[in-house]
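Student:
Chains as they are written, first to last, in my numbering: chain A, 624 to 741; chain B, 299 to 568.
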C-alpha cells in the first residue's frame, strides 16, 4: 500500500527543429577580432574542411581586427584593397576585439550601355 | 663555448590544433614554459607561456604561437645566440641538426650563461666577450680599432688609498668607458684588474677624440687618475687580417705600456 504512494518517475521531453543544412554552411565573410575565441588559423581550417578552396583568409594590420575570411568569388569581382577598405570602414564601428562578425556580401553589377541604332 | 652546452634536449611537444587551455595544462604537467608545436613530424613553431596567457583559452595553438622561432645549429657560439635572441626578441630558439630537432635553447639559459661572464664590480663583460667579438670580426674580414686601456699606477692607488677606494676608481672609470662605448655601439670588456679593452668600428676622428678623452687625467676624491691607451688601427695596419686576436691584443697592450712611459703622468696629487 505505502509503496504505491511513493512511485517515482523521471520523464524527458524532446523537441526537434529540423531544417536543411546549407552547403557550404559559411556565409560570405567572417571578420575576426584580435581576442576572439576562434582565431584566424582555426577559421581557415574550418572553412577549408567545410568548403575546400572557396575561401581566402586575409590578415589585417588593425588594432581590433586580426583577419577577414572572404569567399573567393568576391575577390574575383572586386579589388581586394577596395573591398577591405569598405569592410573595415563598416565593421570597425561595431566590432570589439573579442567578437567574430559574420556577413553576407552580395555584389550586384548594374550596366547601362548605349549603342548605335542600325 | 657553444649552445650545445646549455640547450635542453628534453622537449615537450603539442600539435597546432590543440586548444590554448590544453597547452596550458600540458605546460603545467611537464613543468615547462614552452612547447614545440609539431604537426605530422614537421616543426611548426613554439608556443610559450606568454602566448598562452595572452590568447583566448578556446583558440587553437596555431592561433596563439607568436612568430616563428630562430633555428640554430648546436655548434653556434653562445654570444652569437645571445645577440640573435636580443635582436629578434625571441624567448626560445630551436636547435636543429639539418631538419631534425635536437634541442631547444631558452633566452633564460643564455642569459644565465652570459651572466657568468659579467664582471660583478663593474657590470662590464669579461675578456671572453671581447675575444669572441674580435675573432668574429677577423673571421668576417671586418676592420676595427682595438683599444687597450690601462689605468696608470693603479697598484700605487690601492696601496696608498686602500682597495675599497681602488674599487671605486675602477667602477667610476668603467662607467665613463661604458657610456663612451654605448654612444657608438662599441664593444667593451674589463680585461683584467685595471685593464679594459674596447673594439670600435667608429671612424678615425671619433676614435682619436675618444682616446683624448680617456687619457685626459681626471680626479676622483682629489686623487688624480689617468690612463694609457694602446691603439691598433685595423683600417691602416698592414696585413691586419693575418694577425690573430691574441697578436693584436699583445700589440695594443705594448703600445699602452709605451704610452705610459712616454707620458709618465704623476698619478697622485692629493
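Note that beta-carbon positions come from the ideal geometry of N, C-alpha and C, so glycine has one too. Bear in mind that the values here come from a model prediction, so they are computed numbers and not experimental data.
Taking the C-alpha atoms as reference points, what is the distance between residue 557/B and residue 476/B?
Tutor: Their backbone Cα atoms lie some 22 Å apart in a straight line.
Student: Under 8 Å, CB to CB, which of the residues in the region 356 to 378 of chain B have a partner in chain A?
Tutor: If the cut-off is 8 Å between Cβ atoms, the region 356 to 378 of chain B has 356, 357, 358, 360, 361 and 362 near chain A.
Student: Would residue 340/B pass as a contact of residue 367/B if the rule is Cβ separation under 7 Å?
Tutor: Contact flag unset, no.
Student: Ignore the nearest five residues each way along the sequence and tell me which others in residue 484/B's own chain have a CB closer than 6 Å to its CB.
Tutor: The residues are 496 and 498.
Student: What do you reckon, are the CB atoms on residue 321/B and residue 309/B nearer than 7 Å?
Tutor: Contact flag unset, no.
Student: With 7 Å as the threshold, decide whether the Cβ of residue 665/A is near any Cβ in chain B.
Tutor: So yes, residue 665/A belongs to the interface.
Student: Just how far apart, CA to CA, sit residue 316/B and residue 305/B?
Tutor: So the alpha carbons of these two residues sit roughly 26 Å apart.
Student: Determine whether the beta carbon atoms of residue 435/B and residue 423/B lie at a separation below 7 Å.
Tutor: Not in contact: residue 435/B and residue 423/B (Cβ atoms no closer than 7 Å).
Student: Please list, in chain order, the residues of the region 337 to 356 of chain B that have any C-beta partner in chain A closer than 7 Å.
Tutor: Answer in chain order: 354 and 356.
Student: Please give the ranges of any alpha helix (DSSP H) in the region 478 to 522 of chain B, keeping only runs that are unbroken, at least 4 residues long and fully inside the region.
Tutor: Within the region 478 to 522 of chain B, the complete alpha helix (DSSP H) runs of at least 4 residues are 502 to 513.
Student: Which full runs of the alpha helix (DSSP H) of 4+ residues lie inside the region 682 to 714 of chain A, going along the chain?
Tutor: Runs found: 695 to 700 and 703 to 714.
Student: I'd like to check one pair, residue 393/B with residue 379/B: are the Cβ atoms closer than 7 Å?
Tutor: No, the pair does not count as a contact, with Cβ atoms beyond the cut-off.
Student: Which same chain residues end up closer than 6 Å to residue 682/A when comparing Cβ atoms and leaving out the 5 residues on each side of it in sequence?
Tutor: Hits under 6 Å: 690.
Student: Please report whether the beta-carbon of residue 682/A lies at a distance below 7 Å from any beta-carbon of chain B.
Tutor: By this cut-off, residue 682/A is not an interface position.
Student: Compare the C-beta of residue 675/A against all C-beta atoms of chain B and say whether one is closer than 7 Å.
Tutor: So, not an interface residue.
Student: If you check the beta carbons only, do residue 667/A and residue 653/A fall under 7 Å apart?
Tutor: Not a contact, by the Cβ cut-off of 7 Å.
Student: Is there a Cβ of chain B sitting closer than 7 Å to that of residue 658/A, yes or no?
Tutor: Yes, residue 658/A counts as interfacial toward chain B.
Student: Going by the beta-carbon positions, is the gap between residue 656/A and residue 718/A smaller than 7 Å?
Tutor: In this structure, residue 718/A lies closer than 7 Å to residue 656/A by Cβ.
Student: To the nearest angstrom, report how far apart residue 442/B and residue 549/B are at their CA atoms.
Tutor: Cα to Cα, residue 442/B sits roughly 14 Å from residue 549/B.
Student: So residue 730/A contacts chain B; which residues on that side make the cut at Cβ distance below 8 Å?
Tutor: Near residue 730/A there are no residues of chain B at all, since even the closest Cβ is about 30 Å away, more than 8 Å.
Student: Please confirm if residue 690/A has its CB atom under 7 Å from at least one CB of chain C.
Tutor: You won't find chain C in this structure, because its protein chains are A and B.
Student: State buried or exposed for residue 351/B, treating a residue as buried only when at least 16 other CB atoms are found within 10 Å of its CB.
Tutor: That one is exposed.
Student: Helix, strand or coil, according to DSSP, for residue 424/B in the structure here?
Tutor: It is a strand residue.
Student: Excluding five sequence neighbours on each side, which residues of the same chain lie with their C-beta closer than 8 Å to the C-beta of residue 469/B?
Tutor: These residues qualify, in order along the chain: 419 and 420.
Student: Output needed for residue 354/B: all residues of its chain with C-beta closer than 8 Å, excluding positions within five of it in sequence on either side, in chain order.
Tutor: Only 318 meet the Cβ criterion.
Student: Could you check where the beta strand (DSSP E) with residue 446/B kicks off and where it finishes?
Tutor: Its beta strand (DSSP E) spans residues 443 to 449.
Student: Could you tell me whether the Cβ atoms of residue 376/B and residue 301/B are closer together than 7 Å?
Tutor: A contact, by the Cβ cut-off of 7 Å.
Student: For residue 661/A, return the contacting residues in chain B, with the cut-off set at a CB-CB distance below 9 Å.
Tutor: Within chain B, the residues near residue 661/A are 354, 356, 357, 358 and 361.
Student: Using only alpha-carbon positions, find the residue among 487/B, 520/B, 384/B and 478/B that is nearest to residue 240/B.
Tutor: The structure shown does not extend to residue 240/B, since chain B is modelled only from 299 through 568, so no value can be given for it.
Student: On the DSSP bridge assignment, give the partners of residue 394/B in chain order.
Tutor: Note: residue 394/B sits in a beta bridge opposite 399/B.
Student: Hey, out of 399/B, 427/B, 398/B and 400/B, whose CA is closest to residue 412/B's CA?
Tutor: Of 399/B, 427/B, 398/B and 400/B, the residue nearest in Cα terms is 427/B.
Student: Taking just the CA atoms, how far does residue 662/A sit from residue 672/A?
Tutor: Residue 672/A and residue 662/A: Cα-Cα distance of roughly 15 Å.
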